[in-house]
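Note sheet for the following structure.
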Ligand SMILES: [Zn+2]
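In this note's numbering, the protein residues as written are 580 to 736.
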């Protein structure tokens with residue numbers, strides 16, 4: 580079964596980084612209720628709350644640097660080969676679906692429509708994704724963060 584996470588209120592940036600990597604990650608700023616939510620959905624809690632340290636299914640993180648945090652999670656749970664950028668909505672964690680160029684014509688800037696052929700959208704929030712400069716920077720970021728990752732970066736060079 581895939582390793583799934585839930586980040587606490589202090590780890591919003593880490594949550595987004597994990598989603599960028601395609602890792603199933605929820606966000607909760609509801610304090611201790613995060614434990615219930617995690618148990619119900621069989622998720623690992625990632626937290627900076629020292630009161631939760633050492634409990635079952637808790638990954639406690641001391642550092643406040645989101646990049647270091649991401650590295651720690653990837654290493655701890657052996658996610659190096661699970662990383663799939665461009666597969667999950669950064670805003671709401673839903674799996675992205677690919678969508679034809681024609682159907683995004685009215686939803687993206689003209690320049691984007693003109694210059695890109697591959698699009699995906701989030702069925703939940705309707706946000707449209709494409710492999711533009713934002714995507715390329717994101718991949719470069721990740722590659723820099725996790726030097727040993729084996730995902731495809733060919734289309735970014
Ligand atoms: Zn979304």
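For every residue, glycine included, the Cβ atom is placed at its ideal position computed from N, Cα and C.
Item, Value
"Cα-Cα separation between residue 708 and residue 700, rounded to whole angstroms", "6 Å"
"Supposed close pair residue 646, residue 597 - CB separation, criterion 8 Å", "Contact doesn't hold; Cβ gap of about 12 Å is too wide."
"Residue 626 classed as buried or exposed, judged by whether at least 16 other C-beta atoms fall within 10 angstroms", "buried"
"Residue 658 (DSSP reduced to helix, strand or coil)", "coil"
"Sequence ranges, alpha helix (DSSP H) only - wholly within the stretch 643–725, length at least 4", "645–655, 689–694 and 712–724"
"Cutoff 6 Å; reference residue 594; Cβ partners in own chain excluding five residues on either side", "586, 604 and 606"
"Cβ-based neighbour list, residue 608, same chain, cut-off 6 Å, excluding 5 preceding and 5 following", "588"
"Helix, strand or coil at residue 593 according to DSSP, with G and I counted as helix", "helix"
"Check whether residue 673 and residue 702 have beta carbons under 9 Å apart", "yes"
"Nearest-angstrom beta carbon gap, residue 601 and residue 640 [assumed within contact, 8 Å]", "Rounded, the Cβ-Cβ distance is 20 Å, inconsistent with contact."
"Where residue 640 sits in the DSSP three-state scheme", "coil"
"Local Cβ density within 10 Å of residue 688, reported as buried at 16 or more and exposed below that", "exposed"
"Residue range of the beta strand (DSSP E) that includes residue 614", "Residue 614 -> not in any beta strand (DSSP E); alpha helix (DSSP H) instead, spanning 613–620."
"Host beta strand (DSSP E) of residue 582 (start-end)", "Here residue 582 belongs to no beta strand (DSSP E), and DSSP marks it neither H nor E."
"Near ligand 1: residue 673 beta-carbon under 8 Å from a heavy atom", "yes"
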